[in-house]
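>
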Amino acid sequence: MNATNLIQAILWGISIGAVFALIALGYTLVYGIIELINFAHGDVFMIGSFLALTLLVDFAYGTNARGRPVQAVFGPRLFLLIFAILLVVMLFCALLNVLIERLAYRPLRRAPRLAPLISAIGVSFILVNLGQLWKGSPPRDFPNLLPEVNVLPLLGLGDRLSFTTKDLFVIGVSIPLMLGLAAFIQRTKLGKAMRATAQDREAAALMGINTDLTISLTFLLGGALAGAAGLIYGLYTTQVWYLMGFRTGLIAFTAAVLGGIGNVRGAALGGFLIGLIASINDLGFAAIFPALQNTPGLSFLAGLNQQWTIVVIFGLLVLILVFRPSGLLGERVVDKA
Amino acid sequence: MALLQLDNVHAYYGNIHALKGVSLEVAEGEVVSLIGSNGAGKSTTLKTISGLLAPREGEVRLQGKRISGLPAHKIVARGVSQSPEGRKIFPRMSVRENLEMGAFARKSGAEIKGDTERVLDLFPRLRERLDQKAGTMSGGEQQMLAIGRALMARPNILLLDEPSMGLSPVLVDQIFDIIREINARGTTILLVEQNALKALEVATRGYVLQTGQIVLQDSAANLQRNEMVRKAYLGEE
């Protein structure tokens, strides 16, 4: 086994896993409270990354003498700008998500469960087409603004592995967001109202909780996290595309299911696990376990690489749904004793 | 003036006409029992009062003011709270959090703290289990929590839906003692029960509901003597 490659895959997996986790939280929050798989959620993430792209190009770039765009903001001011854009994108996606719930899901609250699901797919199509209209069909380059300096040699850990300032940025933004969300849900009165509404909407209303408002709040939080993920993903991968919400959204949905859909801690855990699986697979089994190639019967595993990542992840989704639909941390408390 | 008044209330589940002109009154300080068999519309009546169901016709008034048509969370703020059928506690929240939710509509932290103490004095079992997940408690404990949680709203009128359902005879006696105690401390109670015998023992007055209509109303003592009630609901031949 090539330990260096394995550890490298794990390090990368943490970064991309953090992005998956942020998106997965939006799926799981909404499922937890209204038992709806919000198929439009990934596309809110895509719209967030597009807004971040527009804002970054507008504010971080000027034009040189020949009229070509060049980066105009550097250093601490660049970080302040990115932080400000992060807040704007989070707010925008939060409000977009609330609007989607208000227009497309709330009118169907008493309808059979299939109706809002179909409505969600409809919203997804609308957002995808708006995205295509906005930024066109081909993938778009995202400003590569983050410095990419390997921090491991600075820590005296040598340079055989790579963990850069970019990875640090992803972790440094997403982990505080997740901890903030967890604290909000656990400690605050509104967070408790969200949990109460998720566990029994009718009883929550009898407590004096405005359940419609609480559901809006849930979409607000989920949208904000998707927006943050949009900016982070763009800066990290430096490429965005109008269809990425579908693909990345489904991966994040798999993460939510793996952790136990409806379970907030599960979504974060699932996000990181799927990130690990994806990055190990992206690096290729042959690079991590060279011996596989010569092992009779298992040599086919050596062929698992980037081209197969999506297959592996969605294969996993099917396996979880068949064998453990409640996921890793799914709740098993008897609700109606 | 009655504290709570239902005036010719009609309510529907989809196309099912569940309440067909129910009129009843509860005066300040009373315990009023609503008895009747399964499906007579007892729980529907409570749901209509607490706003989970809007009447299609007729009015619910609290202290003379119309509350029907308001959403449930606003009706709680007016002073009506309910311990619902099947308890409906929040299973994955602690006992403490469940009680906090009961006081959701209230502002004053000091008052809520005082009321938490009073509820825990009334139900010492809950004090032992404050940090336990509510869903892991026994049925009797969950029932106590449901009643305690409803009291946390400091209601003018407490609606109790089948508080004795599924409990052992000893626990049933205990729950009814607590209902008396709550009333003695000044809370008006509208009680829905299948256990008509017990319900009429604690009540001042009672109503008998049959297929969505009030068929009989009288003092609890008279109802206990009424032949039709004895046959239909008290299990006598």
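Residue numbers (this note's numbering), protein chains in the order written: chain A, 1 to 337; chain B, 1001 to 1237. Yeah, the Cβ is synthetic: ideal placement off N, Cα and C, and Gly gets one too.
Within 7 Å (strictly less), CB to CB, does Gln1217 of chain B reach chain A?
Indexing the second sequence from 1 puts residue 1217 of chain B at position 217. No, because no Cβ of chain A sits closer than 7 Å to the Cβ of Gln1217 of chain B.
> What's the C-alpha gap between Leu1171 of chain B and Phe92 of chain A?
To locate residue 1171 of chain B, count along the second sequence from 1; it is residue 171. To locate residue 92 of chain A, count along the first sequence from 1; it is residue 92. Computed Cα separation, rounded: 54 Å.
> Which value, in whole angstroms, describes the spacing of the CA atoms of Leu371 of chain A and Ala1153 of chain B?
Nothing in the structure corresponds to residue 371 of chain A, since chain A is present only between 1 and 337.
> Which residues in the same chain as Leu1120 of chain B place their Cβ atom closer than 7 Å to its Cβ, once the five residues preceding and following it in sequence are excluded?
Taking the first residue of the second sequence as position 1, residue 1120 of chain B is located at position 120. Once the five neighbours on either side are set aside, the close Cβ partners of Leu1120 of chain B are Leu1126 and Arg1127.
> How long is the line joining the alpha carbons of Ser162 of chain A and Ile310 of chain A, rounded to whole angstroms?
If you number the first sequence from 1, residue 162 of chain A lands on position 162. If you number the first sequence from 1, residue 310 of chain A lands on position 310. Roughly 24 Å separates the two Cα atoms.
> Going along the chain, which residues of its own chain have a beta-carbon closer than 7 Å to the beta-carbon of Ile292 of chain A, five neighbours each way excluded?
Within the first sequence, residue 292 of chain A is the residue found at index 292, counting from 1. Strictly speaking, residue 292 of chain A in this sequence is Leu, with Ile absent from that position. Phe285, Ala286, Leu298, Ser299, Leu301 and Ala302.
> Short of 9 Å Cβ to Cβ, which residues in the stretch 1088-1102 of chain B face chain A?
Lys1088, Ile1089, Phe1090, Pro1091, Arg1092, Met1093, Glu1097, Asn1098, Glu1100, Met1101 and Gly1102
> In chain A, which residues lie with their C-beta within 7 Å of the C-beta of Gln1082 of chain B?
The residue labelled residue 1082 of chain B in the question sits at position 82 within the second sequence. Neighbours of Gln1082 of chain B on chain A, chain order: Leu206.
> Please list the partners that Asn210 of chain A has in chain B, where partner means a Cβ-to-Cβ separation under 8 Å.
Along the first sequence, one-based indexing puts residue 210 of chain A at 210. Simply Pro1071 and His1073.
> Any beta carbon from chain B within less than 7 Å of Gln199 of chain A's own beta carbon?
Residue 199 of chain A sits at position 199 when you count from the first residue of the first sequence. So, interface residue.
> Expressed to the nearest angstrom, what Euclidean distance is found between the alpha-carbon atoms of Val19 of chain A and Val257 of chain A?
Against the first sequence, residue 19 of chain A aligns to sequence position 19. Against the first sequence, residue 257 of chain A aligns to sequence position 257. Whole-angstrom Cα-Cα distance: 16 Å.
> Looking at the strands, I want to know which residues DSSP matches up with His1017 of chain B.
Stepping through the second sequence from its first residue, residue 1017 of chain B is reached at position 17. For His1017 of chain B, DSSP records a beta bridge to B:Tyr1012.
> Chain A partners of Leu1052 of chain B, CB-CB under 8 Å?
The sequence position of residue 1052 of chain B within the second sequence is 52, counting from 1. Within 8 Å of the CB of Leu1052 of chain B, the CB atoms of chain A belong to Glu202, Ala205 and Leu206, in sequence order along the chain.
> Following the continuous beta strand (DSSP E) through Asp1161 of chain B, name the residue where it begins and the one where it ends.
Counted from its first residue, the second sequence places residue 1161 of chain B at position 161. Ile1157 to Asp1161 is the extent of the beta strand (DSSP E) around Asp1161 of chain B.
> Looking at C-beta atoms only, is the number of pairs between the stretch 1080-1093 of chain B and the stretch 1107-1122 of chain B that lie closer than 8 Å three or more?
no
> List the residues of chain A whose Cβ lies closer than 9 Å to the Cβ of Val1279 of chain B, in chain order.
Nothing in the structure corresponds to residue 1279 of chain B, since chain B is present only between 1001 and 1237.
> Using CA coordinates, which residue listed in B:Ala1203, B:Asp1173, B:Gly1058 and B:Gly1021 is at the minimum distance from Ala1184 of chain B?
One-based indexing of the second sequence puts residue 1184 of chain B at position 184. Checking every option, the nearest Cα to that of Ala1184 of chain B belongs to B:Ala1203.
> Please list, in chain order, all residues of the same chain as Arg160 of chain A whose beta carbon is under 8 Å from its beta carbon, the five residues on each side excluded.
On the first sequence, position 160 is the one that residue 160 of chain A refers to. Closer than 8 Å at the Cβ level, and outside the excluded window around Arg160 of chain A, lie Thr4.
> Closer than 8 Å by beta-carbon distance: list the chain A residues that pair up with Ala1153 of chain B, in chain order.
Your numbering for residue 1153 of chain B matches position 153 in the second sequence. The contacting residues are Met207 and Gly208.
> Alpha carbon to alpha carbon, what distance is there between Ala21 of chain A and Arg265 of chain A?
Counting from 1 along the first sequence, the entry for residue 265 of chain A is found at position 265. Counting from 1 along the first sequence, the entry for residue 21 of chain A is found at position 21. Their backbone Cα atoms lie some 10 Å apart in a straight line.
> Glu35 of chain A and Phe219 of chain A: beta carbons closer than 7 Å?
Taking the first residue of the first sequence as 1, we reach residue 35 of chain A at position 35. Taking the first residue of the first sequence as 1, we reach residue 219 of chain A at position 219. Going by C-beta atoms, Glu35 of chain A is not nearer than 7 Å to Phe219 of chain A.
> Does Pro1091 of chain B come out as helix, strand or coil in the three-state DSSP assignment?
Here residue 1091 of chain B refers to the residue found at position 91 when the second sequence is read from its first residue. Reduced to three states, the DSSP call for Pro1091 of chain B is coil.
> DSSP state of Leu1046 of chain B, grouped into three classes?
Along the second sequence, read from residue 1 onward, the residue named residue 1046 of chain B stands at position 46. Looking at Leu1046 of chain B - three-state DSSP - the assignment turns out to be helix.
> Does DSSP put Asn5 of chain A in a helix, in a strand, or in coil?
Taking the first sequence and counting its residues from 1, one reaches residue 5 of chain A at position 5. Helix.
> Does the distance from the CB of Thr1045 of chain B to the CB of Pro1055 of chain B come in under 7 Å?
Position 45 of the second sequence, counting from 1, holds the residue named residue 1045 of chain B. Position 55 of the second sequence, counting from 1, holds the residue named residue 1055 of chain B. For Thr1045 of chain B and Pro1055 of chain B, no; Cβs fall outside 7 Å.
> Are the CB atoms of Ala1134 of chain B and Asn1098 of chain B within a distance shorter than 7 Å?
To locate residue 1098 of chain B, count along the second sequence from 1; it is residue 98. To locate residue 1134 of chain B, count along the second sequence from 1; it is residue 134. Yes, these two residues count as a Cβ contact at 7 Å.
> Starting from Arg1205 of chain B, trace the beta strand (DSSP E) both ways and give me its first and last residue.
As a first step, residue 1205 of chain B must be located in the second sequence, where it is residue number 205. Looking at the DSSP string, the run of the beta strand (DSSP E) that includes Arg1205 of chain B is Arg1205 to Gln1210.
> Please classify Thr248 of chain A: is it buried, with 16 or more other beta-carbons within 10 angstroms of its beta-carbon, or exposed?
Here residue 248 of chain A corresponds to residue number 248 of the first sequence, with the count starting at 1. Around the beta carbon of Thr248 of chain A, 16 or more other beta carbons sit within 10 angstroms, so the residue counts as buried.
> Please check if any C-beta of chain B sits within less than 7 Å of the C-beta of Ala196 of chain A.
The residue you call residue 196 of chain A lines up with position 196 of the first sequence. Chain B contact via Cβ: present.
> Under 9 Å between beta-carbons, which chain A residues line up against Phe1104 of chain B? List them in chain order, please.
By 1-based counting over the second sequence, the position of residue 1104 of chain B is 104. Lys189, Lys192, Ala193, Ala196, Ala204, Met207, Gly208 and Ile209, listed in chain order.
> Going by CA-CA distance only, name the one from B:Phe1104, B:Thr1211 and B:Leu1145 that's closest to Asp1131 of chain B.
The residue given as residue 1131 of chain B occupies position 131 in the second sequence. It is B:Leu1145 whose Cα lies nearest to the Cα of Asp1131 of chain B.
> Within the continuous beta strand (DSSP E) that includes Ser368 of chain A, where are the two ends?
Past the edges of chain A, shown from 1 to 337, lies residue 368 of chain A, and the structure says nothing about it.
> Between which two residues does the alpha helix (DSSP H) holding Thr197 of chain A run?
Position 197 of the first sequence, counted from the start, is the residue given in the question as residue 197 of chain A. Start and end: Lys189 to Gln199.
> Are the stretch 70-88 of chain A and the stretch 224-242 of chain A touching by the rule of at least three beta carbon pairs closer than 8 Å?
Under the 8 Å Cβ criterion, the stretch 70-88 of chain A counts as touching the stretch 224-242 of chain A, having at least three qualifying pairs.
> Mind checking which residues open and close the alpha helix (DSSP H) that includes Thr254 of chain A?
Your numbering for residue 254 of chain A matches position 254 in the first sequence. From DSSP, the alpha helix (DSSP H) with Thr254 of chain A extends over Met244 to Gly259.
> Note down, in chain order, each residue of its chain lying with its Cβ closer than 8 Å to the Cβ of Ile10 of chain A, except the 5 sequence neighbours on either side.
To locate residue 10 of chain A, count along the first sequence from 1; it is residue 10. Within the same chain, Ile10 of chain A has close Cβ partners Leu276, Ser279 and Ile280.
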